Amino acid sequence: MASEGDRRSDPEVAERRSRLLGGLRLEGEGARGVAIALISTAVFLVAIVVAVTQSAGWPEVRRTFFDWGDISGSFPDIARAFVLNVKIFLVCEVFILVLALVIAVLRSLQGPVFFPLRALAIIYSDLARGIPTILVIALLGFGAPALQLTGVPRSRLFWAGVGLVLVYSGYVAEVYRAGIESVHPSQEAAARSLGLSRFQALRRVILPQAIRRVIPPLLNDFIGLQKDTALVGTLGVIEAFNQSQIDTNATFTYGSYLAAAALFVALTIPLARLTDWLIARDRKRRQAAGGFA
Amino acid sequence: MSALKVEGVHKSFGPNEVLRGIDLELEDHEVVCLIGASGSGKSTLLRCVNLLEPLDAGRIFLAGEEITRRDVDSNSVRRRIGIVFQAFNLFPHMTVLRNVTLAPRDVLGLGRAEAEARGRELLARFGLEDRRDEYPDRLSGGQQQRVAIVRALAMQPELMLLDEVTSALDPELVAEVLSVIRELAAGGMTMLIATHEMSFARDIAHRVCFLEEGRILEQGPPHEIFAQPKEPRTQQFLERIIEAGRL
Amino acid sequence: MKGTLATRGLLTAALVLLAVLAAGCGSTKESGATGGTTTTTSCSKGDLNLVSSGTLTIGTDNPAFPPWFGGTAKKPWQVSDPRSGQGYESAVAYAVAKQLGFSKDEVTWKHVPFNTSFAPGTKDFDFDINQISFSPARAKVVDFSDSYYDVNQAVVVNKGTPIASATSVSALKPYELGAQLGTTSYQFIKDEIKPSKQPSVFPSNAGAVQALKNKQIDGLVVDLPTAFYVTAVQVPNSKVLGQFPTQPGGEHFGMVFQKGNSLVTCVNKALSTLRSDGTLKQLQQQWLAKATGAPTLK
Numbered sequence: 191m192a193s194e195g196d197r198r199s200d201p202e203v204a205e206r207r208s209r210l211l212g213g214l215r216l217e218g219e220g221a222r223g224v225a226i227a228l229i230s231t232a233v234f235l236v237a238i239v240v241a242v243t244q245s246a247g248w249p250e251v252r253r254t255f256f257d258w259g260d261i262s263g264s265f266p267d268i269a270r271a272f273v274l275n276v277k278i279f280l281v282c283e284v285f286i287l288v289l290a291l292v293i294a295v296l297r298s299l300q301g302p303v304f305f306p307l308r309a310l311a312i313i314y315s316d317l318a319r320g321i322p323t324i325l326v327i328a329l330l331g332f333g334a335p336a337l338q339l340t341g342v343p344r345s346r347l348f349w350a351g352v353g354l355v356l357v358y359s360g361y362v363a364e365v366y367r368a369g370i371e372s373v374h375p376s377q378e379a380a381a382r383s384l385g386l387s388r389f390q391a392l393r394r395v396i397l398p399q400a401i402r403r404v405i406p407p408l409l410n411d412f413i414g415l416q417k418d419t420a421l422v423g424t425l426g427v428i429e430a431f432n433q434s435q436i437d438t439n440a441t442f443t444y445g446s447y448l449a450a451a452a453l454f455v456a457l458t459i460p461l462a463r464l465t466d467w468l469i470a471r472d473r474k475r476r477q478a479a480g481g482f483a
Numbered sequence: 283m284s285a286l287k288v289e290g291v292h293k294s295f296g297p298n299e300v301l302r303g304i305d306l307e308l309e310d311h312e313v314v315c316l317i318g319a320s321g322s323g324k325s326t327l328l329r330c331v332n333l334l335e336p337l338d339a340g341r342i343f344l345a346g347e348e349i350t351r352r353d354v355d356s357n358s359v360r361r362r363i364g365i366v367f368q369a370f371n372l373f374p375h376m377t378v379l380r381n382v383t384l385a386p387r388d389v390l391g392l393g394r395a396e397a398e399a400r401g402r403e404l405l406a407r408f409g410l411e412d413r414r415d416e417y418p419d420r421l422s423g424g425q426q427q428r429v430a431i432v433r434a435l436a437m438q439p440e441l442m443l444l445d446e447v448t449s450a451l452d453p454e455l456v457a458e459v460l461s462v463i464r465e466l467a468a469g470g471m472t473m474l475i476a477t478h479e480m481s482f483a484r485d486i487a488h489r490v491c492f493l494e495e496g497r498i499l500e501q502g503p504p505h506e507i508f509a510q511p512k513e514p515r516t517q518q519f520l521e522r523i524i525e526a527g528r529l
Numbered sequence: 034m035k036g037t038l039a040t041r042g043l044l045t046a047a048l049v050l051l052a053v054l055a056a057g058c059g060s061t062k063e064s065g066a067t068g069g070t071t072t073t074t075s076c077s078k079g080d081l082n083l084v085s086s087g088t089l090t091i092g093t094d095n096p097a098f099p100p101w102f103g104g105t106a107k108k109p110w111q112v113s114d115p116r117s118g119q120g121y122e123s124a125v126a127y128a129v130a131k132q133l134g135f136s137k138d139e140v141t142w143k144h145v146p147f148n149t150s151f152a153p154g155t156k157d158f159d160f161d162i163n164q165i166s167f168s169p170a171r172a173k174v175v176d177f178s179d180s181y182y183d184v185n186q187a188v189v190v191n192k193g194t195p196i197a198s199a200t201s202v203s204a205l206k207p208y209e210l211g212a213q214l215g216t217t218s219y220q221f222i223k224d225e226i227k228p229s230k231q232p233s234v235f236p237s238n239a240g241a242v243q244a245l246k247n248k249q250i251d252g253l254v255v256d257l258p259t260a261f262y263v264t265a266v267q268v269p270n271s272k273v274l275g276q277f278p279t280q281p282g283g284e285h286f287g288m289v290f291q292k293g294n295s296l297v298t299c300v301n302k303a304l305s306t307l308r309s310d311g312t313l314k315q316l317q318q319q320w321l322a323k324a325t326g327a328p329t330l331k
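Chains as they are written, first to last, in the working numbering: chain W, 191 to 483; chain B, 283 to 529; chain R, 34 to 331.
What follows is the structure, given as structure tokens:
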């Protein structure tokens, strides 16, 4: 693709772009090409729809998965349960962003005196990412209250939230770390040269830049978290997935699974598009600024 | 008591010995230019003076105090020394004014109003006041470098270190930065300047030091060094510079 | 002109799509049953419809719990062993097998998770016996035998907790109750108790029992005999608060068969014999007597 600082001539660039767009050859043929593309897509879609709906198993599939009465009947309960999923991830995400930052900063401390903290951060990251989330939730949700220690909360929601926070902080800490590493060392040098302490330099100069850079992967992990709230159901709490399972077990049709899936997707897709938009905007900004951005 | 004293400084990076025993003294208000080929150790020396690099051997004294002692707080030393880099290194997520006021506020403890007043005055002095609310990526290279100098000046340092501050600039932008440095020199700032700009060095330096392979091979007033260099390698270096049309 | 071609293309595509979608929508048709015609089935051993000829393959879940199963568990079974013939369901299963003409060695057991036993589809067992309650929804996708046990739901609570002093169904309303996913116990909570607090539904009974132990739920609803097992073995300091009145028509356990499997007729014949000759009653006395003494909550 043509980029800033591309010294090739315009016709060369146009030719290359045209080749990249390959079969469509939109560059060469304008509106006619667009029309052909649309028609062929339409024909393709029609062919698929016809093939599917005329196949032998379709009525059964439709009854099992796509029965509108089934889906619309289970939807209200599932939507109500979904509110719990939303609450869980909203609360957890805040704690995750904070805890992960602490771990990332601990990991970035230099010097032999800080070795125990660095080691702790590494061990934490490894465990958090190494143990399946569902296991952590079961361990904490059932195991912690089983100790019957005074002061230890019993609530399964609490422990499930703790589990999600602990696990996701491990991943998000790595994202922060990548961001911190990506800030050019000359920024830290400049900050320290002005007399800022290591901590001040981190807080004022490095972290603001680091975090801005990793917003797309942070959003990505956030999307993952939204879906993992479904794991809370293993503790018996009725959230959207659990509710859809209840309905499915009663009727043996799976429309309720689709209803739950639709709700999750409705939540995650806007975030995914936002992430894409942020990445594109950032790319444009960097191309405009050039140099050391 | 000299403003800066560098005594027997050695510095290696891995197997590479970059500084092989540097002895250098600067008096108050003195402007010393370091010249020499790339890799001769100019930048490394400046970074050592600023305590950005630890020494392998030797000592450095700032206004009579040894700053390379273990128990010295390097942060407080760096407050007293201003350094400007070739790559400007402005903070891209802050406006020009914020770049300038960050250290005065966080390190010197100045209040926001006071820090901003100081910053604006400095920016105005160098013709940058109308850019104070812009982000660095909107400024030209010359403007960014001037802001970097202002940022360092805002800490009211005893000593300024300039590390080839015009080398990354387009030729037409070099002059504006050099004029800032001239003004600083005229105002009596003690400065240690690493530079390739030979005519500039000849103009403003009280003393020129030629670095070669980690040692100061020759030093003296500009008219001596540029017109009648004693060492053959100094002569060679200057001849090449003249050939390149830069003197 | 380029413009009209594009427009025409778009219009055609849109119309075709609309037409197909309209054809695709419409009322759901009932899927046909996969069963064959029902003629008088011969129940002699040789004529039986089996997954593995010569053997009676029976399914149940693992672990197998008392009082439904007994004996020392040997691998791969845990807690109890269906092959022992001890425990109510094991005993009934072998009794039915005997009626059909199978000796003890001609019976094999298969691990079938509770939830999948009554899900639609082809089964790899002849029948499943696992405290599966008959329900119309389930009966649409699998076949049930007649009742081999009329069951009451019961609630297990921790002794000394506020819920433990409840004496009626309505007194249970303010509490957090739990049940296993897909069980009639959960339906019972929803339809009969109608608690004000959202109940909990667990993927396995183990989770439900653990939650009761942790006092994370106030009461666990299960069938009465299982309730006694829970209090006797799994949750110390718990008790069966009470059992719930039998619904009109009653809830009962039946064996589960693949839909349309003619074997169910023969098993029903066997059950009918066992009922009339008193075997069922005797087995209930033997294995479930302890598990019936709980107050009835109204």
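Backbone N, C-alpha and C fix where the C-beta goes; we use that ideal spot for every residue, glycine too. Small disclaimer: the values here were computed from a predicted structure and weren't measured.
Exposed unless 16 or more other CB atoms sit within 10 angstroms - verdict on residue i
i, result
"R463 of chain W", "exposed"
"P328 of chain R", "exposed"
"Q510 of chain B", "exposed"
"A328 of chain W", "buried"
"A192 of chain W", "With a pLDDT of 43 at A192 of chain W, under the threshold of 50, the modelled position of that residue is not reliable, and the figure given next carries that caveat. Label assigned to A192 of chain W: exposed."
"G496 of chain B", "buried"
"A363 of chain W", "buried"
"E513 of chain B", "exposed"
"D260 of chain W", "buried"
"V288 of chain W", "exposed"
"D80 of chain R", "exposed"
One or two residues paired with residue i in a DSSP bridge
i, result
"H292 of chain B", "B:R302, B:A339"
"I317 of chain B", "B:F492"
"R402 of chain W", "Per DSSP, none; premise fails for R402 of chain W."
"I475 of chain B", "B:C315, B:L444"
"S178 of chain R", "Paired residue(s): none; S178 of chain R is not in a bridge."
"V295 of chain W", "Bridge partners of V295 of chain W: none, in fact."
"G333 of chain W", "Answer is none; G333 of chain W lacks a bridge partner."
"V289 of chain R", "R:D161, R:F177"
Cβ pair residue i, residue j closer than 9 Å
i, j, result
"S85 of chain R", "T149 of chain R", "no"
"G360 of chain W", "I459 of chain W", "no"
"A450 of chain B", "Q427 of chain B", "yes"
"R362 of chain B", "L421 of chain B", "no"
"I317 of chain B", "A434 of chain B", "no"
"I396 of chain W", "E378 of chain W", "yes"
"K287 of chain B", "L301 of chain B", "no"
"A436 of chain B", "L372 of chain B", "no"
"V490 of chain B", "L443 of chain B", "no"
"T472 of chain B", "D355 of chain B", "no"
"I268 of chain W", "A449 of chain W", "yes"
"P374 of chain B", "Q399 of chain W", "yes"
For residue j and residue i, believed in contact at Cβ under 8 Å, the rounded distance
i, j, result
"V427 of chain W", "A350 of chain W", "7 Å"
"G340 of chain B", "V291 of chain B", "3 Å"
"L337 of chain B", "K293 of chain B", "6 Å"
"S178 of chain R", "M288 of chain R", "4 Å"
"K292 of chain R", "V174 of chain R", "6 Å"
"V365 of chain W", "P407 of chain W", "5 Å"
So, does the stretch 92 to 100 of chain R touch the stretch 161 to 176 of chain R, judging by three or more C-beta pairs under 8 Å? Between the stretch 92 to 100 of chain R and the stretch 161 to 176 of chain R there are three or more inter-stretch CB-CB distances shorter than 8 Å, so the stretches are counted as touching.
contact_flag[the stretch 210 to 222 of chain R, the stretch 254 to 272 of chain R] where n(CB pairs < 8 Å) is 3 or more: With the cut-off at 8 Å, the stretch 210 to 222 of chain R and the stretch 254 to 272 of chain R touch.
Sufficient close CB pairs (3 or more, under 8 Å) joining the stretch 380 to 393 of chain W to the stretch 332 to 340 of chain W: The stretch 380 to 393 of chain W is not in contact with the stretch 332 to 340 of chain W.
Taking three-plus beta-carbon pairs below 8 Å as touching, is the stretch 440 to 448 of chain W in contact with the stretch 164 to 177 of chain R? Enough Cβ pairs lie closer than 8 Å, so yes.
Per the contact definition of three or more C-beta pairs closer than 8 Å, is the stretch 375 to 382 of chain B in contact with the stretch 319 to 338 of chain B? Contact check between the stretch 319 to 338 of chain B and the stretch 375 to 382 of chain B: fewer than three CB pairs, one atom from each, fall below 8 Å, which does not count as touching.
Under 8 Å, with one C-beta from each stretch per pair, do the stretch 232 to 248 of chain R and the stretch 445 to 459 of chain W reach the 3-pair mark? The stretch 232 to 248 of chain R is not in contact with the stretch 445 to 459 of chain W.
The stretch 206 to 214 of chain R in contact with the stretch 222 to 239 of chain R per 3-pair CB rule at 8 Å: As far as the Cβ criterion goes, the stretch 206 to 214 of chain R touches the stretch 222 to 239 of chain R, which means the pair count is three or higher.
Using 8 Å as the cut-off, can you tell me whether the stretch 188 to 200 of chain R makes contact with the stretch 114 to 134 of chain R, which would need three or more C-beta pairs spanning the two stretches below that distance? Verdict: no, contact absent.
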